[in-house]
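**Student:** Each residue of the sequence shown is one higher than the last, beginning at 1 in full-length UniProt numbering. Yeah, the Cβ is synthetic: ideal placement off N, Cα and C, and Gly gets one too. Given the structure is predicted, the values throughout are model-derived calculations rather than measurements. This is the structure I want to talk about, given as structure tokens.
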Amino acid sequence: MNIQLEKVKQEEEFERRKRTAEKKLREWMQKKREEGRKEREQKLNKEMAEKAARELEKKQLQEKAEVKYNEWLKKKRAEESEKKKKEKEKEKERQAELQEKKERAEKIFNEWLRNARNKPRPVLNGYGFPHGKSTGLKKYVYFVYVVTGSNIYKCFEVM
């Protein structure tokens, strides 16, 4: 009986150790699963953080590029405006010079016209009319140019 009791005790001890070992194995497996899950979560979180950082950097670069483009565009528009302003100024100067030139020409012409009326007429004998008679030409054509404003008129008289 003693042997049987001893055998039963050994079997119970064996069963207890077996249950303890199985329990420890289950706990160890559970712990490993938890560690694996946590590792995956950490890896996923790290990837998400890196992705967010890349997207943020990309967005910042894009905003920076847009700011630079807008500055460039503003500069170009200012240059274009300045160029147009200079062209208008040159055109204005050219028009003023043209107007001044026209006024000066008209003034000189009017002075010439005023002086031409007061000048004595040339003697006809000195210009192909010896003794007051024609030397063979029947008609003479005299041209007078009249300048008024921007128009030039050609007037002539047949004699």
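For LYS101, report the span of its alpha helix (DSSP H) as first-last.
**Tutor:** Locating residue 101 in the sequence shown gives position 101, counting from the first residue. From DSSP, the alpha helix (DSSP H) with LYS101 extends over 2 to 118.
**Student:** Buried or exposed for VAL158, please, with buried defined as at least 16 other CB atoms from any protein chain shown within 10 angstroms of its CB.
**Tutor:** As a working mapping, residue 158 is identified with position 158 in the sequence shown. Summary for VAL158: the model assigns pLDDT 47, below 50, so the residue's position carries little reliability, and this model does not support an answer.
**Student:** Can you tell me which of LYS107, LYS74, LYS24, TRP72 puts its alpha carbon nearest to the alpha carbon of THR148?
**Tutor:** Within the sequence shown, residue 148 is the residue found at index 148, counting from 1. When only C-alpha atoms are compared, the closest one is LYS107.
**Student:** Shorter than 7 Å, the distance from the beta carbon of LYS32 to the closest heavy atom of the ligand MN, or not?
**Tutor:** The ligand MN is absent from the structure shown, which contains no ligands of any kind.
**Student:** Using C-beta distances below 7 Å, list every residue in its chain close to ARG94, excluding the 5 sequence neighbours before and after it, in chain order.
**Tutor:** Numbered from 1 along the sequence shown, position 94 holds the residue referred to as residue 94. Cβ neighbours of ARG94 beyond the five flanking positions: none.
**Student:** Flag LYS107 as yes if its beta-carbon sits less than 8 Å from any beta-carbon of chain D, otherwise no.
**Tutor:** Any reference to chain D falls outside this structure, which holds one protein chain only.
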